[in-house]
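Numbering (our numbering), first residue to last: 13 to 323. Take a look at the structure below.
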């Protein structure tokens, strides 16, 4: 267990260092384009002064006017590049393959860097999430064993002492453990999404359904990009800097839980494969009869020609 925790921490630190390093690189590469946007912002300020002097337009009216004009004339409206809010989140969306699409590279150099970063960042992220998932599944198994010992004493091993396995023995042992893991992981995942909904409630005006939808789309790496957290908040505001980093870490943990759920679901589907189990049971019957060479019911010698009858 200690070695697993150590491996998780090492990979997590490597992953975070990788994202912060190349998030900084992408920010520096895209920053000149951001300076152009700041120049446009200054032009808007000058335009507002002119409109206010000539038409007595309020700031709210001017903001509504420019927002409608910008949305109409710019169909590919993207979020602006900033370090704490967007550059790091861009790295997370890239390495986890969530790919929201609201923030994209705009120059040839940044596109080339994006492909190069993804080439090494995605495998690193997958290893990190895999280690997180392994740690989470191991912790879930230990919790299941604890519940079996506490609430189901008959599930303990007959020898006494030592840890029992999550299967608990019996003819259903092949699928009992994956089913217990799946139930536990789904409960944790639902609770994790509920906590995420509370986070989005403090940052966005979304409804419960919209928040649930956002976290589910994120944790499954679908990432449509129709709902994005913190698109319009100040980059250098301390509260939103802390919240941005917290959301990134929360996303990584949620992705690891979802990865565990998918892995256990595959394991459970294999364990519940009725056709495969029937074939294996049939083969075991033939092998057992062949080994005994006599009929257990009447003691008659085993006839090799009887194999065709079993088949």
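Think of the CB as a built atom: it goes at the ideal place given N, C-alpha and C, for glycine as much as any other residue.
Have a look at residue i and residue j and give me their C-alpha separation to the nearest angstrom.
i, j, result
"residue 202", "residue 110", "20 Å"
"residue 222", "residue 59", "37 Å"
"residue 169", "residue 161", "Confidence at residue 169 is low in this model, with a pLDDT of 46, below 50, so the placement of that residue should be treated as unreliable; the coordinate-derived value is given next. Using only the alpha carbons, I get a separation of about 10 Å."
"residue 267", "residue 21", "16 Å"
"residue 224", "residue 273", "17 Å"
"residue 271", "residue 142", "7 Å"
"residue 265", "residue 120", "33 Å"
"residue 118", "residue 207", "35 Å"
"residue 239", "residue 80", "20 Å"
"residue 282", "residue 25", "34 Å"
"residue 326", "residue 62", "Look at the range of the chain in this structure, 13 to 323, and you will see that residue 326 is not part of it."
"residue 71", "residue 29", "42 Å"
"residue 57", "residue 66", "14 Å"
"residue 54", "residue 217", "29 Å"
"residue 19", "residue 138", "14 Å"
"residue 278", "residue 254", "37 Å"
"residue 163", "residue 157", "10 Å"
"residue 159", "residue 40", "52 Å"
Is the separation between the beta-carbon of residue i and that of residue j shorter than 9 Å?
i, j, result
"residue 140", "residue 16", "no"
"residue 187", "residue 115", "no"
"residue 263", "residue 129", "no"
"residue 269", "residue 197", "yes"
"residue 74", "residue 64", "yes"
"residue 194", "residue 107", "no"
"residue 131", "residue 23", "no"
"residue 241", "residue 212", "yes"
"residue 113", "residue 236", "yes"
"residue 220", "residue 209", "yes"
Shorter than 8 Å, the distance from the beta carbon of residue i to the closest heavy atom of the ligand FMN, or not?
i, result
"residue 161", "No copy of the ligand FMN occurs in the structure displayed, which carries no ligand at all."
Would you mind sorting residue i into buried or exposed? The rule is 16 or more other CB atoms within 10 Å of its CB.
i, result
"residue 190", "buried"
"residue 276", "buried"
"residue 13", "exposed"
"residue 256", "buried"
"residue 68", "exposed"
"residue 98", "buried"
"residue 259", "buried"
"residue 124", "exposed"
"residue 105", "buried"
"residue 148", "buried"
"residue 152", "buried"
Thinking just about the alpha-carbon of each residue, which of the options is nearest to the one in residue i?
i, options, result
"residue 227", "214, 153, 204 and 14", "204"
"residue 27", "103, 123, 57 and 63", "103"
"residue 126", "42, 235 and 156", "42"
"residue 336", "124, 192, 24 and 135", "There is no way to answer for residue 336, as the model of the chain reaches only from 13 to 323."
"residue 34", "122, 235 and 283", "122"
"residue 36", "100, 72, 232 and 71", "100"
"residue 145", "54, 200 and 71", "200"
"residue 214", "229, 251, 236 and 232", "251"
*Entirely within the stretch 95-171 and at least 4 residues each: give me those alpha helix (DSSP H) ranges in chain order.*
The stretch 95-171 is shown to contain whole alpha helix (DSSP H) runs of 4 or more residues at 100-107 and 120-163, in chain order.
_Threshold first: 4 residues or longer. Then list the alpha helix (DSSP H) segments lying entirely within the stretch 250-291, N to C._
Fully enclosed alpha helix (DSSP H) runs of 4 or longer: 250-283.
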